[in-house]
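Trainee: Pasting a structure below so you can have a look.
In the working numbering, the protein residues as written are 3 to 480.
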């Protein structure tokens, strides 16, 4: 049997230390322990065979387990690094996808614009050519002159109708056309989404929205553009207003009204939203919010506004009702807020540049335009992305309380005794006609049908025809 000697002095060994199976004598064991203080030492007498065998077996198992743990830890670390690297790669690919998608949309819109421009030129040329040919025909056709002569009197000739001229252009839904040709989708793959909270992008180009179990942050603008709710029923041809502690629903088709008693007044404002509700806000010394269900004809009280206000303006854009300016205890307000009618909550937004009351607001292509107010002739526009109001260079011809609504691509503004048209594409305003009265601010909703707009002012219902520039009272006993 080979003699076991001390690794330090070479004398006969007395102890084995299982830090590295080191043989030591009694004199050198202290030196060994001090020389390697960071190691785990397990000294055992050489003559204690049972303990030596037990320690040897245990130490071997510990070393194997340590090796296994370190190997698994290294593998886990590599997997984590690989996962993070893959996520970063995916983020980069989404950025590229975003840029490519935007470029495709821009190219599509540019091609569409070019096609429309070319079609417009061709149609104009065809109209001009047809009219010239027709003029040449009737000016040289002697039979037409003979037919007119046969009428015998000048009066009959002047009353005669020579031509029938019709130019009819049917309106089309650009959003519907685009919805059929545009598809957009981002989804977590089914192979990994079991452990990931549901997160996806809607494929409808006009309701792109992050849908998750938590509310999207305020800066997520996608929900601002269009409502995420789809209304299956068409809204009735009604206008809504508040008068003498009553909420009024007036049907234009039947010329009748329904009255509901709630805690509102003549200065509360009504706004129709696309999910089939009317949002009723504020009033004299009130910050209340009521929701009227148009189809079920029920009223519920919702979360109150952040401040009391009356004589304010309110419009619907996306899933929000924007409440703008007004008065609070006779103090004219710059402050604005918006009501999320899906989640029933209020949020503060950017202030007006100029404090206003008895003004009006209107939505055009995702922006909110504000006009007039008591003694004010300026207009402002609100950018939902920048969360900021900006004063426009153009002004109203006469300052005053206003009523504003959109018909086709123009906005009609009643202010003082003037009716002006505002072109939101060019930011230009021009006087169109005059009115007999000078106070047209209303707290009612406005219903637009074709060239006609209907609204309530007090207990009277008015109809304005934009084509003729005429306003008439159609009911004065609501």
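From the three backbone atoms N, C-alpha and C, an ideal C-beta is built for every residue, glycine too.
Spell out the partners DSSP gives residue 417 in its beta bridges.
Mentor: 404, 420
Trainee: Could you tell me how far apart the beta carbons of residue 448 and residue 461 are, in whole angstroms, since I believe they sit closer than 8 Å?
Mentor: Not confirmed; about 17 Å, so no contact.
Trainee: Indicate whether the contact test is met: 3 or more Cβ pairs, each with one atom in the region 296-315 and one in the region 263-277, closer than 8 Å.
Mentor: Contact holds: three or more Cβ-Cβ distances are below 8 Å.
Trainee: If you reduce the DSSP assignment to three classes, tell me which class residue 443 lands in.
Mentor: coil
Trainee: Using three-state DSSP, classify residue 428 as helix, strand or coil.
Mentor: coil
Trainee: Tell me whether residue 350 is buried or exposed, calling it buried when 16 or more other Cβ atoms sit within 10 Å of its Cβ.
Mentor: exposed
Trainee: I'd like to know whether the C-beta atoms of residue 422 and residue 432 end up nearer to each other than 9 Å.
Mentor: Remark: C-beta atoms of residue 422 and residue 432 approach each other more closely than 9 Å.
Trainee: For residue 463, which of 286, 362, 253 has the nearest alpha-carbon?
Mentor: 253
Trainee: Between which two residues does the beta strand (DSSP E) harbouring residue 32 extend?
Mentor: It is not in any beta strand (DSSP E) - residue 32 instead sits in the alpha helix (DSSP H) that spans 31-37.
Trainee: Do residue 275 and residue 281 have their C-beta atoms within less than 9 Å of each other?
Mentor: yes
Trainee: Helix, strand or coil: which one does DSSP assign to residue 91?
Mentor: helix
Trainee: Once you ignore the five residues that flank residue 338 on each side, which residues in its own chain have a CB closer than 6 Å to its CB?
Mentor: 326, 351
Trainee: Contact check, residue 398 vs residue 373 under 8 Å by CB: the rounded distance?
Mentor: 7 Å
Trainee: Determine the extent of the beta strand (DSSP E) in which residue 243 is found, giving its start and end residues.
Mentor: 240-245
Trainee: Suppose contacts are defined by Cβ-Cβ distances below 9 Å. Is residue 2 in contact with residue 379 by that definition?
Mentor: The structure shown does not extend to residue 2, since the chain is modelled only from 3 through 480, so no value can be given for it.
Trainee: Pull up the distance between the alpha-carbon of residue 123 and that of residue 428, whole angstroms please.
Mentor: About 21 Å.
Trainee: How many Å lie between residue 160 and residue 472 at the Cα?
Mentor: 29 Å
Trainee: Would you give the residue range spanned by the beta strand (DSSP E) that residue 157 belongs to?
Mentor: Element bounds for residue 157: not the beta strand (DSSP E) but the alpha helix (DSSP H), 156-161.
Trainee: Within the continuous beta strand (DSSP E) that includes residue 458, where are the two ends?
Mentor: 454-459
Trainee: In the DSSP assignment, find the unbroken beta strand (DSSP E) run with residue 291 in it and report its ends.
Mentor: 288-295
Trainee: Compare the C-alpha of residue 323 against each of 307, 113, 330 and name the closest.
Mentor: 307
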